[in-house]
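The opening position of the sequence shown corresponds to residue 1 in UniProt numbering, with each subsequent residue numbered one higher. No residue lacks a Cβ here, since even glycine has one placed at the ideal position from N, Cα and C.
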Amino acid sequence: RLRVLLRYGGLYLDLDVLSVARLSTDTMRSSFVIGRQDSGRVGFRTHRKYYGLCNAVMAAAPGAGFVRMLLSSYGWFRSYGRDAFWDEHSVRVPAELADRCPAVGQHILDSDRLYLPLWGDITSVYTAEPGD
Numbered sequence: 001r002l003r004v005l006l007r008y009g010g011l012y013l014d015l016d017v018l019s020v021a022r023l024s025t026d027t028m029r030s031s032f033v034i035g036r037q038d039s040g041r042v043g044f045r046t047h048r049k050y051y052g053l054c055n056a057v058m059a060a061a062p063g064a065g066f067v068r069m070l071l072s073s074y075g076w077f078r079s080y081g082r083d084a085f086w087d088e089h090s091v092r093v094p095a096e097l098a099d100r101c102p103a104v105g106q107h108i109l110d111s112d113r114l115y116l117p118l119w120g121d122i123t124s125v126y127t128a129e130p131g132d
C-alpha cells in the first residue's frame with residue numbers, strides 16, 4: 001500500500017473501512033493525510049497526546065515525503081503477526097515520525113473524523129436508528 005501511494009498517490013482504505021462522507025478539500029491540500037488512533041496508552045507513547053496514527057485510511061500525493069519516510073522505516077520491521085510489535089509500523093512508528101518531523105507535509109485528523117465508531121462498538125453501525 002505504501003509503495004503504491006508513493007508512486008501514484010491516491011486514497012487507501014482497509015477492507016473493513018466504511019466511508020460515509022468525503023474528506024474536505026482543505027484536508028486534501030496536504031501531501032499526506034492520516035488519522036489518530038486513540039487506543040489505550042499501555043506501555044507505548046504513554047505521555048503523548050495520542051497513542052498513534054492508524055494506517056487503515058491514508059491519502060497521499062505522488063512522491064509524498066512522509067510516505068517515503070514510512071517506507072524507509074520498514075528496514076527494521078520485526079513483527080511476526082499478533083505479537084508485541086503487531087502495531088509498531090502500522091500505528092506507533094508513523095506517530096513517532098510525525099512528532100519528529102512535523103514539517104514533512106502530513107495532515108493528522110482527529111480519530112473521530114475517520115474511526116467512529118471504534119471496532120469495539122461496530123455493531124452500532126448496524127443497529128442504530130436513522131439520525132443517531
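TODO: Grab me the residues of Leu109's own chain with a C-beta within less than 6 Å of its C-beta, minus the 5 sequence neighbours each way, in chain order.
DONE: Gly35
Task: Residue burial classification, Pro62 (beta-carbon count within 10 angstroms, cutoff 16) - done: exposed
Task: Distance between Leu70 and Val93 (C-alpha atoms, nearest Å) - done: 8 Å
Open item on the list: Going by the DSSP bridge assignment, what does Arg82 pair with across the sheet?
Closed with: According to DSSP, Arg82 bridges with nothing at all.
Task: Backbone CA spacing between Phe32 and Thr123 [nearest angstrom] - done: 30 Å
Task: Candidates Thr27, Gly105, Glu88, Gly81: closest to Gly75 by CA position - done: Glu88
- [ ] Could you check the C-alpha separation between Thr27 and Ala59 for me, to the nearest Å?
- [x] 10 Å
TODO: With a cut-off of 8 Å on the beta carbons, I'd call Arg68 and Leu6 a contact; round off their distance for me.
DONE: 6 Å
Open item on the list: Looking only at its chain, what residues have a beta carbon closer than 7 Å to the beta carbon of Phe77, apart from the 5 residues adjacent to it on each side?
Closed with: His89
Open item on the list: Buried or exposed, going by whether 16 or more other CB atoms sit within 10 Å of the CB of Tyr80?
Closed with: exposed
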